[in-house]
Amino acid sequence: MTHTPREKAFWSIAILVVILYALIPVAWITSLSLKSPDQVADGKFFSGFSFENYDQIFSENTFNAALVNSLGIAAIATLISIALASMAAYALARLNFAGKAVILSGALAVAMFPPISIVGSLFDLWRAIGLYDTWPGLILPYMTFTLPLAIYTLSAFFREIPWELEQAAQVDGATPFQAFRKVIVPLAAPGVFTAAILVFIFAWNDFLFANTLTSTTDAQTVPAALAFFSGGSRFTEPIGAISAAAVVVTIPIIIMVLIFQRRIVAGLTAGAVKG
Amino acid sequence: MSQIVLDHITKKYPDGFEAVKDMSLTIEDGEFVILVGPSGCGKSTALRMIAGLEDITDGELRIGDSVVNDKAPKDRDIAMVFQNYALYPHMTVAENMGFALKLAKVDQSEIDRKVSEAAKVLDLTQHLDRKPANLSGGQRQRVAMGRAIVRDPSAFLMDEPLSNLDAKLRVQMRTEVSRIQQRLGTTTVYVTHDQTEAMTLGDRVAVMRSGVLQQVGSPMDLYNNPKNLFVAGFIGSPAMNFMPAQIEGDTLKLPVADVRLPEELRGNLGGSAGDGRQVIAGIRPEDFEDAHQVGDHKDRGTTFTVTIELVESMGSELYAHFSAVSEHSIESEELRELAEDSGAGEVPGAGEEGEIVARLDPASKVARGKEAELWVDATKVKLFDPADGRSLTADSTAEGNGAPSASGGQSPAGRDPEREPGGRG
Ligand SMILES: Nc1ncnc2c1ncn2[C@@H]1O[C@H](COP(=O)(O)OP(=O)(O)O)[C@@H](O)[C@H]1O
Ligand SMILES: [Mg+2]
Chain A
0 MTHTPREKAF WSIAILVVIL YALIPVAWIT SLSLKSPDQV ADGKFFSGFS
50 FENYDQIFSE NTFNAALVNS LGIAAIATLI SIALASMAAY ALARLNFAGK
100 AVILSGALAV AMFPPISIVG SLFDLWRAIG LYDTWPGLIL PYMTFTLPLA
150 IYTLSAFFRE IPWELEQAAQ VDGATPFQAF RKVIVPLAAP GVFTAAILVF
200 IFAWNDFLFA NTLTSTTDAQ TVPAALAFFS GGSRFTEPIG AISAAAVVVT
250 IPIIIMVLIF QRRIVAGLTA GAVKG
Chain R
0 MSQIVLDHIT KKYPDGFEAV KDMSLTIEDG EFVILVGPSG CGKSTALRMI
50 AGLEDITDGE LRIGDSVVND KAPKDRDIAM VFQNYALYPH MTVAENMGFA
100 LKLAKVDQSE IDRKVSEAAK VLDLTQHLDR KPANLSGGQR QRVAMGRAIV
150 RDPSAFLMDE PLSNLDAKLR VQMRTEVSRI QQRLGTTTVY VTHDQTEAMT
200 LGDRVAVMRS GVLQQVGSPM DLYNNPKNLF VAGFIGSPAM NFMPAQIEGD
250 TLKLPVADVR LPEELRGNLG GSAGDGRQVI AGIRPEDFED AHQVGDHKDR
300 GTTFTVTIEL VESMGSELYA HFSAVSEHSI ESEELRELAE DSGAGEVPGA
350 GEEGEIVARL DPASKVARGK EAELWVDATK VKLFDPADGR SLTADSTAEG
400 NGAPSASGGQ SPAGRDPERE PGGRG
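Heads up: the sequence lines are chains A and R, in that order. Anchor point for the first sequence: position 217 equals 216 in numbering that gives the first Met the number 0, and the numbering is continuous, going up by one each time. Anchor point for the second sequence: position 258 equals 257 in numbering that gives the first Met the number 0, and the numbering is continuous, going up by one each time.
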């Protein structure tokens, strides 16, 4: 594919516009978080650096606890969800068994089910059985809603793995487990990381369940905690603090994507087989 | 290095399909045997059973002295080259080639030595640190070969290793494979659907059709003495011409001409029993000649006149196409199937025109649309039983199915079995 200079210019501008459109709100939030309370309403894009807001949120127990809850709950939900989804996806991709289609469409149905319609009854149920305002109380619904997505992503990915490699490894002298460990796992890893990031982001960003099923620092995650932020005094809007918190919660996601980006090398399986 | 024996091997897939039926074949130590047949005839299945990647339903498989039916692939000491190479995409060329040695816990320095030695043979030295994705098709193919040869296994199994290459590279690699096999002297089973590959590569060729081994023999043996219509049509390019014919006394009535049956052919037909009998005649394109160019052996055959419909000149040879109307018709379901399977044209029915290809000397003056006098060598005509496609003319002393011939020395003989494989030579 060759592009004329004119085409190149067009695409460069188009991409720039999209990036600006996506990043301006982020930049605005970042700028707000760096303003002192009296500057918040000045409407300027930049009015000096002040870390007042960051100091404030980290000095509050609510926010620190929420960060820990968010990290712990999202990590555990991701681990369990990916472990289960890998096994399910492996079976779906490699084995032929009765009810395969039913399982896949069942998973799809769960994914399409609107969370808002069960959150009310979950609230009652969790309170009755003591899961309200606990980590498992959030991990369970996160798993429920991320498993279908993970199973779908992973089974699509597993289907692309040239499984003949497993046999090549066995002929090369590997036991079935060695073939899995040294050939299949490295090839499946990018798919697993992709699915893991998707699951983690879902759990990390969720507001609906977090807001409904928690009430204290025992299990409240950052998105829910943000809603209960108050300003320095009764009469100040906590805009600066909320902005600072919003910036802080974005950071783990960015770090995670950066770390795993190298592992999600597209087309890692290219070259195994012809065509 | 070992002998491989398939003893009445049968493979039935779980869905009930019998892909390999009662196959018996002995591959001698150091021999290069080609398994050839049309797509879907069970070649890969047979090879995968030898590799241990497919369970054997019935029969016994021996490698060396031991029965290996229930041994895992890793315990069979065989190396396999897969049709699509099956390289490990996350490993470099060197790691791909050294993987088996690493699993066998060979010293890293020893692995490096063997890998670089194999890389030199295969001209891969400057690519050792690259990933398969960045290699060309031919280079990937060589890596797949390299992965097999560094191991110095007791046998190589190759499943259509060249079929993914373009035509030119294929011919080049064919020579390469042959050279490497000769150098190492390792027992090799090579699967292909390409009869040219089969004819040029192997010590012996085993022809399969629908899971049944049809004939095993040296390339020349298969060419000169095909045991049935299928082998006759499958081996040789362009394919043998088939036409209905009738035996009357010592004359064979072909659609193009009446030819005198040579003495030895008549003997094989069982004398008088042959009179008036309907048969299928098979004539290879190369057994025709321009009547003006036939030398002093003209009395071995018959001259006839036809109108040439098409002339294809290849430079070194010339293909003349003409048709002949058959007077006789032969009805046989079995036959039609055989002809279809073998890739040969159908045997024309009565009143139908059948196309015939003749290979002539490039000096021939035949021209499109013109009449030409051609000559056919009667001693080379093959006759087949219309009922089952069995050859009526094949030399009955030719080697039989499966078991290696008494004169089996044709294969590994002449090679020094003591030579260190992989050694520089
Ligand atoms: N796993 C399988 N289950 C059922 N039938 C199979 C299976 N693998 C191959 N076959 C059938 O067995 C026959 C021989 O296959 P194969 O050995 O791959 O042929 P080829 O000679 O082209 O290599 C084919 O008709 C194929 O459809
Ligand atoms: Mg095959």
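C-beta atoms are modelled at their ideal positions from N, C-alpha and C, and glycine is treated no differently. Just so you know, these numbers come straight off a predicted model, no measurement behind them.
Between residue 183(A) and residue 252(A), the CB-CB gap reaches or exceeds 8 Å. Restricting attention to 1(R), 27(R), 26(R) and 46(R), the CA atom closest to the CA of residue 19(R) is found in 46(R).
With respect to the C-alpha of residue 191(R), the residue from 181(R), 184(R), 205(R) and 182(R) having the closest C-alpha is 205(R). Around the beta carbon of residue 257(A), fewer than 16 other beta carbons sit within 10 angstroms, so the residue counts as exposed.
Interface annotation, residue 77(R): in contact with chain A, CB-CB separation under 8 Å. Within 7 Å of the C-beta of residue 42(R) there is at least one heavy atom belonging to ligand 1. Contact note: residue 169(A) reaches chain R through 50, 51, 52, 71, 72 and 73, using a C-beta cutoff of 9 Å and chain order.
The beta carbon of residue 280(R) does not come within 8 Å of any beta carbon belonging to chain A, so the residue lies off that interface. The C-beta separation of residue 178(A) from residue 168(A) comes to about 4 Å, placing the pair in contact by the 8 Å criterion. At least one heavy atom of ligand 1 falls within 7 Å of the beta-carbon of residue 12(R). Using a Cβ-Cβ cut-off of 7 Å, residue 99(R) is close to 171 and 172 of chain A, given in chain order.
Think of a sphere of 8 Å around the beta carbon of residue 260(A): no beta carbon from chain R falls inside it, the nearest being about 17 Å out. Taking the CA atoms as reference points, residue 26(A) sits about 26 Å from residue 210(A). Comparing alpha-carbon positions, the option among 99(R), 381(R) and 318(R) lying closest to residue 173(A) turns out to be 99(R). Using a Cβ-Cβ cut-off of 8 Å, residue 94(A) does not count as an interface residue toward chain R, since no Cβ of chain R sits closer than that to its own. If you draw a straight line from the Cα of residue 59(R) to the Cα of residue 22(R), it is about 10 Å long. Think of a sphere of 7 Å around the beta carbon of residue 182(A): the chain R residues whose beta carbon falls inside it are 87, in chain order. For residue 280(R), the three-state secondary structure derived from DSSP is strand.
For residue 103(R), at least one C-beta of chain A is nearer than 8 Å to its own C-beta.
Residue-level contact check: residue 207(A) does not touch chain R, since none of the beta carbons of chain R fall below 8 Å from its beta carbon. At a Cβ-Cβ threshold of 8 Å, residue 62(R) and residue 1(R) count as neighbours.
Between ligand 2 and the CB of residue 354(R), the shortest heavy atom gap is not smaller than 7 Å.
For residue 320(R), the pairing in a beta bridge is given by DSSP as 309(R) and 356(R). Contact check for residue 114(R) against residue 149(R) passes: the beta carbons are separated by less than 8 Å. The C-alpha of residue 318(R) lies about 36 Å from the C-alpha of residue 141(R). No Cβ of chain R is located within less than 8 Å of the beta carbon of residue 222(A). Annotation: residue 195(R) to residue 203(R) spans about 13 Å, alpha carbon to alpha carbon. Residue range 92-102 is occupied by the alpha helix (DSSP H) that includes residue 102(R). Distance from the CA of residue 102(A) to the CA of residue 90(A), rounded to the nearest whole angstrom, comes to 11 Å.
Per DSSP, residue 174(R) lies in no beta strand (DSSP E) segment; the continuous alpha helix (DSSP H) that holds it begins and ends at 166-183.
Remark: the C-beta of residue 223(A) is outside contact range of ligand 1, defined as less than 7 Å to any heavy atom. When rounded, the separation of the alpha-carbon atoms in residue 70(A) and residue 161(A) is 35 Å. Per the coordinates, the alpha-carbon of residue 59(A) lies some 31 Å from the alpha-carbon of residue 114(A).
A distance below 8 Å separates the beta carbons of residue 230(R) and residue 213(R). For residue 197(R), the distance from the CB to the nearest heavy atom of ligand 1 is not below 7 Å.
Ligand 2 has a heavy atom closer than 7 Å to the beta-carbon of residue 159(R).
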